[in-house]
Amino acid sequence: MINALNRDTSWRDRPHKSSTVVVKPFVRKKRLRGTIPSSNSKVTSLRHYVQEARWGFKLELLKTLVQRELESRYKGSVLGNLWPLLTQLSQLLIYTYVFSIVLQVRLELSGVPANNFAYGLWLFAGLVPWFAFTNGLCQAASAVVSQTNLVKKVVFPLSLLPLVPVCAAFVESTLGLMILVIFVAIFTQQFHTTLLLMPLFCLPQLLLTSGLGYLAAALTVFLRDIPQTLNVVLNLWFYLTPIVYPVSTIPEGFRSWIFWLNPLAALAEVYRDAIIVGQIQHWGEWATAGIVASIVFLGGLWSYRKLRPGFADVL
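For the sequence shown, the positions run 13 to 327 when this note's numbering is used.
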């Protein structure tokens with residue numbers, strides 16, 4: 013037992029190999045270009061989802077506000093939403109009498125007889141976008157100052173305020189547009205397929221009205237004379253636009269400048285091409301109006317966002 017308890021010390025006499033430790037330098041692996049970590053991808057997808065939900069909420073809110081605006085505008089009246097159409101028809105009769113009967117203005121349109129009724133249809137096709145533009149712009153100018161509680165006391169997307177009257181005026185104009193299409197179909201005994209392009213022609217109109225509406229709404233907060241000034245400017249603008257008179261009466265050297273400086277002139281022409289003529293003859297003018305309207309919209313929206321932080325302090 014004593015021998016069993018003794019430790020074996022023979023290992024001391026055995027040759028042994030020296031062990032070495034190899035230290036490898038730490039090399040950082042390069043991340044492949046274009047790859048996104050899983051955590052960042054989750055954040056990005058969540059942010060994208062929130063952004064889409066926010067835009068969806070704004071569109072639904074805008075739709076609700078436009079419906080409420082249209083319902084409350086003529087609430088309690090007997091004729092209700094027919095009043096905008098009656099206003100347009102009354103002005104149509106006045107302009108037709110003055111320019112077609114008194115001043116003897118005549119049109120030269122292919123496939124359309126030259127009489128007073130044809131002139132009235134031609135005139136109404138130009139008045140429809142003009143009424144939508146002027147009504148939307150004048151009401152958008154007071155959109156912010158008339159909603160003081162939303163600006164100061166409630167967390168609300170203020171960018172929607174000028175768009176509500178613009179969209180409401182556009183919806184009202186569609187009623188007059190439908191009446192015009194019916195009269196033209198009865199008068200010409202045909203239905204033009206170019207009417208399918210009307211949504212494309214309405215886009216520059218909405219951009220132009222919204223851009224100027226943003227600018228007017230922002231400036232009205234700081235200068236309350238803007239709505240009254242707009243009424244004067246729009247009266248002059250109306251007679252500078254070939255709506256009650258043909259564009260052929262303008263000297264040919266100035267026509268291109270008219271379309272660049274006045275997009276509504278181009279919009280009136282493409283409206284008439286699509287509704288009455290049945291052939292689009294002013295694609296270039298429409299493209300010009302689209303470029304100018306886009307610039308005006310971006311400039312108006314930029315000005316509105318720059319001045320928006322000071323709204324609550326002034327109101």
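Backbone N, C-alpha and C define an ideal beta-carbon position, used for all residues, glycine too.
Item, Value
"Straight-line Cα distance separating residue 196 from residue 150", "30 Å"
"As assigned by DSSP and simplified to three states, the class of residue 177", "helix"
"Validate contact between the stretch 231 to 247 and the stretch 164 to 177 using beta carbons, cut 8 Å, 3 pairs", "no"
"Inter-stretch contact at 8 Å, needing at least 3 Cβ pairs: the stretch 299 to 311 / the stretch 202 to 222", "yes"
"For residue 249 and residue 68, the rounded distance between their alpha carbons", "36 Å"
"Assigned exposure category for residue 55 - 16 Cβ within 10 Å defines buried", "Caution applies to residue 55, whose pLDDT of 47 falls short of 50 and renders its modelled position unreliable; the model cannot decide the point."
"Burial state of residue 285 (16 or more Cβ within 10 Å)", "buried"
"Complete runs of the alpha helix (DSSP H) confined to the stretch 126 to 157 [at least 4 residues]", "128 to 153"
"Reduced DSSP secondary structure (H/G/I, E/B, other) of residue 166", "coil"
"Residue 206: first and last residue of the uninterrupted alpha helix (DSSP H) it sits in", "First-last for residue 206: undefined, no H or E at that position."
"Collapsed DSSP secondary structure at residue 78 in the structure displayed", "helix"
"Endpoints, alpha helix (DSSP H) assigned at residue 274", "No alpha helix (DSSP H) contains residue 274, which DSSP labels as neither H nor E."
"Among 108, 222, 147, nearest to residue 185 - alpha-carbon criterion", "147"
"Close Cβ partners of residue 258 (< 6 Å) along its chain, the five nearest in sequence each way excluded", "none"
"Three-state secondary structure (DSSP) of residue 12", "Nothing in the structure corresponds to residue 12, since the chain is present only between 13 and 327."
"Residue 72 classed as buried or exposed, judged by whether at least 16 other C-beta atoms fall within 10 angstroms", "exposed"
"Buried or exposed by the 16-neighbour rule on C-beta atoms within 10 Å, applied to residue 265", "exposed"
"Cβ-Cβ separation, residue 272 to residue 253 (assumed contact under 8 Å), whole Å", "Residue 253 to residue 272, Cβ: 13 Å. No contact."
"Sequence-distant residues of its chain with Cβ nearer than 7 Å to residue 108 (five each side left out)", "128, 131, 132, 135"
"Residue 5, DSSP secondary structure in three states", "The question about residue 5 has no answer here: the residues shown for the chain are numbered 13 through 327."
"Spatially closest choice to residue 111 from 314, 255, 269, by CA coordinates", "255"
"3 or more residues per run - each beta strand (DSSP E) lying fully within the stretch 217 to 259", "none"
"Beta carbon proximity, residue 169 to chain B, threshold 8 Å", "Here there is only one protein chain, and chain B is not present."
"Same chain, Cβ closer than 7 Å to residue 164, five either side skipped, listed in chain order", "324, 327"
"Per-residue DSSP class, three states only, for residue 312", "helix"
"Alpha-carbon spacing of residue 37 relative to residue 318, whole angstroms", "Caution applies to residue 37, whose pLDDT of 49 falls short of 50 and renders its modelled position unreliable; the model cannot decide the point."
"Among 82, 137, 80, nearest to residue 207 - alpha-carbon criterion", "137"
"Residue 141 beta carbon less than 8 Å from that of residue 283", "yes"
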